[in-house]
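S.K.:
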Amino acid sequence: MGQIDVAEFLKRGLCVLVATRDAALRPLCVSGSAVVITARGRGIVFIPSFESTPAQANLRANGVIAVLVEEPTTHRGIQMKGRCLAVRDATVPELKQAAEFVARTKAELSAIGFAPTVLERMNFMPCTAVEFTVEQVFEQTPGPGAGRAVEARA
Amino acid sequence: MKLSEIMHCFQGVTPAGIATCGADGTPNMAMLSQVYYLDEKHVALSCQFFNKTRRNVDQNPFASVRLWDPVTLQPYLMQLRFLRAETSGPLFDDMAARIDAIARATGMAGIFRLISADVYEVLSLQTLSGALQAAPDTPLPWSPESGQAGREELRSLQLLSDRLCRARTLEALYAELLASMASLFGASHALLMLHEEDCGKLIAIDSRGYDRVGAGAEVKLGEGLIGTVARTRKPLRVGGLAAVRRYARAVRESASRAGARLEVEIPLPGLADAQAQLALPLVAHDRLIGVLALESRDPLAFEDWHEAFLSLLANQAALAIAILSDREDEDGEARVEPLPAPLPARRRLFTWFAGDESVFVDGEYLIRNVPARILWKLLREHAQGRREFSNRELRMDDSLGLPPVKDNLESRLILLRKRLAERCPDVRLVSVKRGRFVLERDCEIVLEEKP
Numbered sequence: 160m161g162q163i164d165v166a167e168f169l170k171r172g173l174c175v176l177v178a179t180r181d182a183a184l185r186p187l188c189v190s191g192s193a194v195v196i197t198a199r200g201r202g203i204v205f206i207p208s209f210e211s212t213p214a215q216a217n218l219r220a221n222g223v224i225a226v227l228v229e230e231p232t233t234h235r236g237i238q239m240k241g242r243c244l245a246v247r248d249a250t251v252p253e254l255k256q257a258a259e260f261v262a263r264t265k266a267e268l269s270a271i272g273f274a275p276t277v278l279e280r281m282n283f284m285p286c287t288a289v290e291f292t293v294e295q296v297f298e299q300t301p302g303p304g305a306g307r308a309v310e311a312r313a
Numbered sequence: 008m009k010l011s012e013i014m015h016c017f018q019g020v021t022p023a024g025i026a027t028c029g030a031d032g033t034p035n036m037a038m039l040s041q042v043y044y045l046d047e048k049h050v051a052l053s054c055q056f057f058n059k060t061r062r063n064v065d066q067n068p069f070a071s072v073r074l075w076d077p078v079t080l081q082p083y084l085m086q087l088r089f090l091r092a093e094t095s096g097p098l099f100d101d102m103a104a105r106i107d108a109i110a111r112a113t114g115m116a117g118i119f120r121l122i123s124a125d126v127y128e129v130l131s132l133q134t135l136s137g138a139l140q141a142a143p144d145t146p147l148p149w150s151p152e153s154g155q156a157g158r159e160e161l162r163s164l165q166l167l168s169d170r171l172c173r174a175r176t177l178e179a180l181y182a183e184l185l186a187s188m189a190s191l192f193g194a195s196h197a198l199l200m201l202h203e204e205d206c207g208k209l210i211a212i213d214s215r216g217y218d219r220v221g222a223g224a225e226v227k228l229g230e231g232l233i234g235t236v237a238r239t240r241k242p243l244r245v246g247g248l249a250a251v252r253r254y255a256r257a258v259r260e261s262a263s264r265a266g267a268r269l270e271v272e273i274p275l276p277g278l279a280d281a282q283a284q285l286a287l288p289l290v291a292h293d294r295l296i297g298v299l300a301l302e303s304r305d306p307l308a309f310e311d312w313h314e315a316f317l318s319l320l321a322n323q324a325a326l327a328i329a330i331l332s333d334r335e336d337e338d339g340e341a342r343v344e345p346l347p348a349p350l351p352a353r354r355r356l357f358t359w360f361a362g363d364e365s366v367f368v369d370g371e372y373l374i375r376n377v378p379a380r381i382l383w384k385l386l387r388e389h390a391q392g393r394r395e396f397s398n399r400e401l402r403m404d405d406s407l408g409l410p411p412v413k414d415n416l417e418s419r420l421i422l423l424r425k426r427l428a429e430r431c432p433d434v435r436l437v438s439v440k441r442g443r444f445v446l447e448r449d450c451e452i453v454l455e456e457k458p
């Protein structure tokens, strides 16, 4: 099994997508503003408020979550799966962290040709903080290795 | 809201995200390189690797897909239900041809391939309002919904149709076709390739918009976008090429790490920074005549409507080429003597390499195969004092190896003229009437033969 330093990877400019599901096993895809690792096996994903309501309902009901982060210029990506621990408003220091993450994301999107006027319009704030356990990490770079479990290094 | 209102999202310029859920209730998130629009109720996703997404929808058919408009980044959310995986048939063939063209162009043949075309029913489509801050509406590029634009396109088709009908020679026809691509349809980069049935290749005959005409460049049937179009005889459109190349590079690196054997990367022909390509087969009387390839730096330059519309034009062009190619040469012995060439101030050395039947000029490759044999015959007879030649005598000369029917002689002569114009403008083949031409020169011609 390969290894990956998740916290280090999250310092890149990344797009974030979050999967949850309801009681009927119907999945829901929402965007994420940012992801941070807070401790070994623990993270927070920030979901923009404009679309967080149905995802919050799913998470409060069953807790299962998958978080995908991908670097747009290279398509390198990983997926973290685990369980939701808490859904709450983001704190001021967390919002600052999330804003820094969003700035890196927009810089990446700019590098692949999106105009500043387009990127300025993207709403990532305000956002809801979702604390979750990182129980499994998967390689998500497209190709034959996609979906392979990797070991998260501290 | 209708699926056809977000057609830009199906061009592959921006990737899409797909959430699925296994039977055990664990959700999964993955990226997709492209979602294919089928109709207002159905989309298709390409299955290139038997991955978790596919395993999940086999157990639980529901999926949630997020798309982005490639111009505004407005996101949309589709809720889908997996219906079936097609491994043959028209849909599979279409998607496979597109993926195969990309795979060959990026050295990923055999790895970057379609396993199945997965068809999904669209249960709902939603604009994610709130994702973007309000902004004044930015006018989008031309859209087929615009009645006025549609009428203008129809007028353009009529104009081109008139021009094709009026062309009296193949050379004029090719020139009109390519020039009209830019002047009438805004496709600034166009390449015309003709099918050489005897060698199973396409040969570039003329182009517009590129630094070089590129006459004589070859593409094998099945190779890259153009070769795939020739093999399948179906139009092929690839948008968002920058995104496609990034995606293919990621797969390539991932496959390379996994120890897969990769081919040498073959660059896509034409513009190095092309963002969209559209290649149209030219078919007449069930014969592949050639391929018309268009490129643009605008990732959204070619849409579904353009593909259908320009296919009409391609059919018409193919018929016109077939008719002019089959036209009998004009009889008559009236000879038009060219003006005597000015006395040569320079020498051009033509070398015939018998081994690979090619002609070099001053040590640089000029042409090979049938056009090379024709040129060598002309140069040798010119050295003995002849200036004027006829298509008929070339057709009668068995040593040239022209096929007895559908010999494409006129197109081969056009190719020869283009190559001479690019590589040796001191020597020209100038038409004097249909089926007759003279060899003009502004230089001393020296001939040598090598094995």
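Same order as they appear, the protein sequences are chains A and B. If you're matching positions, the first sequence starts at 160 in the working numbering and goes up one per residue. If you're matching positions, the second sequence starts at 8 in the working numbering and goes up one per residue. Built from N, CA and C at the ideal position, the CB exists for glycine as well.
#1: Classify B/G297 as buried or exposed, calling it buried when 16 or more other Cβ atoms lie within 10 Å of its own Cβ.
#2: In this structure, how does DSSP classify B/D405 when only helix, strand and coil are distinguished?
#3: Between which two residues does the beta strand (DSSP E) holding B/S131 run?
#4: Using a beta-carbon distance below 8 Å, is A/E210 in contact with chain B?
#5: B/R73 CB to nearest chain A CB: under 8 Å?
#6: Check B/E178 in the structure and name its three-state DSSP category.
#7: Compare the C-beta of A/Q299 with all C-beta atoms of chain B and state if any pair is closer than 8 Å.
#8: Which word fits B/L356, buried or exposed, when buried means at least 16 other C-beta atoms lie within 10 angstroms of its C-beta?
#9: Assuming A/Q299 contacts A/G236 under a Cβ cut-off of 8 Å, what Cβ separation, rounded to an integer in Å, is found between them?
#10: Report the CB separation of A/M281 from A/A258 in whole angstroms; it is logged as a contact under 8 Å.
#11: Going by C-alpha distance, which of A/V296, A/E310, A/Q295, A/T287 is nearest A/A216?
#12: Does DSSP classify B/L191 as helix, strand or coil?
#13: Give me, in chain order, the residues of the same chain whose beta-carbon lies closer than 6 Å to that of A/K265; leave out the 5 immediate sequence neighbours on both sides.
#14: Rounded to whole angstroms, what's the CA-CA distance from B/A281 to B/E310? Just pull it up for me.
#15: Do B/I210 and B/L201 count as a contact pair if the criterion is CB distance below 8 Å?
#16: What whole-angstrom Cβ distance do A/A225 and B/N35 have, given they're in contact under 8 Å?
#17: A/P207 and A/S190 look like a contact to me (Cβ under 8 Å); what is the Cβ gap, rounded to whole Å?
#18: Measuring only the C-alpha atoms, how far is B/L446 from A/E267?
#19: What is the residue span of the alpha helix (DSSP H) that B/L74 lies within?
#20: Give every residue of the same chain whose Cβ lies closer than 8 Å to the Cβ of B/F56, excluding the five residues on either side of it in the sequence, and list them in chain order.
#21: If the criterion is Cβ atoms closer than 8 Å, does the pair B/F69 and A/R201 meet it?
#22: Would you list, in chain order, the members of the region 248–282 of chain A that have their beta-carbon closer than 9 Å to a beta-carbon of chain C?
#23: Rounded to whole angstroms, what's the CA-CA distance from B/T94 to B/L167? Just pull it up for me.
#24: What whole-angstrom Cβ distance do A/V228 and A/L173 have, given they're in contact under 8 Å?
#25: Let me know the alpha helix (DSSP H) ranges lying completely inside the region 248–299 of chain A, each 4 residues or longer, listed in chain order.
#26: Leaving aside the five residues before and after A/V175 along the sequence, list all residues of the same chain whose C-beta is less than 6 Å from its C-beta, in chain order.
#27: Output needed in chain order: residues of the region 360–385 of chain B with a Cβ under 7 Å from some Cβ in chain A.
#28: Of all Cβ atoms in chain B, is any one closer than 8 Å to the Cβ of A/I203?
#29: For B/E183, collect the residues of the same chain with a Cβ closer than 7 Å to its Cβ; drop the 5 residues on either side in sequence, then sort them by chain order.
#30: Are B/L84 and B/R73 close, meaning C-beta to C-beta below 8 Å?
#31: Which chain B residues sit within Cβ distance under 8 Å of A/P350?
#32: Taking just the CA atoms, how far does A/V223 sit from A/T197?
#33: How long is the line joining the alpha carbons of B/P411 and A/G304, rounded to whole angstroms?
#34: For B/K208, which three-state DSSP category applies?
#35: Using only alpha-carbon positions, find the residue among B/L185, B/N58, B/G96, B/V42 that is nearest to B/D76.
#36: Which residues bound the beta strand (DSSP E) around B/F203?
M.R.: This is what the structure holds:
#1: Against the second sequence, residue 297 of chain B aligns to sequence position 290. Per the 10 Å Cβ criterion, buried.
#2: Position 398 of the second sequence holds residue 405 of chain B. Reduced to three states, the DSSP call for B/D405 is helix.
#3: Walking along the second sequence from the start, residue 131 of chain B turns up at place 124. Where B/S131 is concerned, the enclosing beta strand (DSSP E) starts and stops at 123–134.
#4: Taking the first sequence and counting its residues from 1, the one referred to as residue 210 of chain A is at position 51. Yes, because at least one Cβ of chain B sits closer than 8 Å to the Cβ of A/E210.
#5: Mapped onto the second sequence, residue 73 of chain B falls at position 66. Judged by the 8 Å Cβ criterion, B/R73 is in contact with chain A.
#6: As a first step, residue 178 of chain B is located in the second sequence; it is residue number 171 there, counting from the start. Helix.
#7: Walking along the first sequence from the start, residue 299 of chain A turns up at place 140. Closer than 8 Å: yes.
#8: Your numbering for residue 356 of chain B matches position 349 in the second sequence. It is exposed - the Cβ of B/L356 has fewer than 16 other Cβ atoms within 10 Å.
#9: The residue given as residue 299 of chain A occupies position 140 in the first sequence. The residue given as residue 236 of chain A occupies position 77 in the first sequence. The beta-carbon separation of A/Q299 and A/G236, rounded to 4 Å, stays under the 8 Å limit for a contact.
#10: Here residue 281 of chain A is taken as the residue at index 122 of the first sequence, counted from 1. Here residue 258 of chain A is taken as the residue at index 99 of the first sequence, counted from 1. Rounded, the Cβ-Cβ distance is 13 Å, inconsistent with contact.
#11: By 1-based counting over the first sequence, the position of residue 216 of chain A is 57. With distances taken between Cα atoms, A/A216 lies closest to A/T287.
#12: As a first step, residue 191 of chain B must be located in the second sequence, where it is residue number 184. DSSP places B/L191 in helix when its eight states are reduced to three.
#13: The residue labelled residue 265 of chain A in the question sits at position 106 within the first sequence. Excluding sequence neighbours, A/K265 sits near L278.
#14: Here the question's residue 281 of chain B lines up with position 274 in the second sequence. Here the question's residue 310 of chain B lines up with position 303 in the second sequence. The straight-line gap from Cα to Cα measures roughly 15 Å.
#15: In the second sequence, the residue the question calls residue 201 of chain B occupies position 194. In the second sequence, the residue the question calls residue 210 of chain B occupies position 203. Contact flag set, yes.
#16: Position 66 of the first sequence, counted from the start, is the residue given in the question as residue 225 of chain A. Position 28 of the second sequence, counted from the start, is the residue given in the question as residue 35 of chain B. With 8 Å as the limit, A/A225 and B/N35 qualify as a contact, their Cβ atoms being about 6 Å apart.
#17: What you label residue 207 of chain A is simply residue 48 of the first sequence in a count that begins at 1. What you label residue 190 of chain A is simply residue 31 of the first sequence in a count that begins at 1. Rounded, the Cβ-Cβ distance is 6 Å, consistent with contact.
#18: The residue given as residue 446 of chain B occupies position 439 in the second sequence. The residue given as residue 267 of chain A occupies position 108 in the first sequence. Distance between the alpha carbons of B/L446 and A/E267 is about 58 Å.
#19: As a first step, residue 74 of chain B must be located in the second sequence, where it is residue number 67. Bounds of any alpha helix (DSSP H) do not take in B/L74; it lies within the beta strand (DSSP E) bounded by 69–75.
#20: Within the second sequence, numbered from 1, the residue matching residue 56 of chain B stands at position 49. I122, listed in sequence order.
#21: Reading the second sequence from its first residue, position 62 is the one you call residue 69 of chain B. Reading the first sequence from its first residue, position 42 is the one you call residue 201 of chain A. No, the pair does not count as a contact, with Cβ atoms beyond the cut-off.
#22: No chain C appears in the structure shown, which is made up of the protein chains A and B.
#23: Here the question's residue 94 of chain B lines up with position 87 in the second sequence. Here the question's residue 167 of chain B lines up with position 160 in the second sequence. The alpha-carbon atoms of B/T94 and B/L167 are separated by roughly 39 Å.
#24: Taking the first sequence and counting its residues from 1, the one referred to as residue 228 of chain A is at position 69. Taking the first sequence and counting its residues from 1, the one referred to as residue 173 of chain A is at position 14. That belief holds up - the Cβ atoms of A/V228 and A/L173 are roughly 4 Å apart, short of 8 Å.
#25: Within the region 248–299 of chain A, the complete alpha helix (DSSP H) segments at least 4 residues long are 251–270, 275–279, listed from N- to C-terminus.
#26: Here residue 175 of chain A corresponds to residue number 16 of the first sequence, with the count starting at 1. Closer than 6 Å at the Cβ level, and outside the excluded window around A/V175, lie G191, V194, V228.
#27: none
#28: Working through the first sequence from its first residue, we reach residue 203 of chain A at position 44. Output row for A/I203: interface = no.
#29: Translated into the one-based positions of the second sequence, residue 183 of chain B becomes position 176. Around B/E183: R170, L171, A174.
#30: For the purposes of this step, residue 84 of chain B is identified with residue 77 of the second sequence, where counting begins at 1. For the purposes of this step, residue 73 of chain B is identified with residue 66 of the second sequence, where counting begins at 1. Yes, Cβ-Cβ distance for B/L84 and B/R73 is below 8 Å.
#31: Because chain A is modelled from 160 through 313, residue 350 of chain A falls outside the range shown and cannot be assessed.
#32: Taking the first sequence and counting its residues from 1, the one referred to as residue 197 of chain A is at position 38. Taking the first sequence and counting its residues from 1, the one referred to as residue 223 of chain A is at position 64. Going by the C-alpha atoms only, they are around 19 Å apart.
#33: The residue you call residue 411 of chain B lines up with position 404 of the second sequence. The residue you call residue 304 of chain A lines up with position 145 of the first sequence. Using only the alpha carbons, I get a separation of about 54 Å.
#34: On the second sequence, position 201 is the one that residue 208 of chain B refers to. Looking at B/K208 - three-state DSSP - the assignment turns out to be strand.
#35: In the second sequence, residue 76 of chain B corresponds to position 69, counting from 1. Of the candidates B/L185, B/N58, B/G96, B/V42, the one whose C-alpha sits nearest the C-alpha of B/D76 is B/V42.
#36: What you label residue 203 of chain B is simply residue 196 of the second sequence in a count that begins at 1. Phe is not the amino acid found at residue 203 of chain B; the sequence shown has Glu there. Looking at the DSSP string, the run of the beta strand (DSSP E) that includes B/E203 is 196–203.
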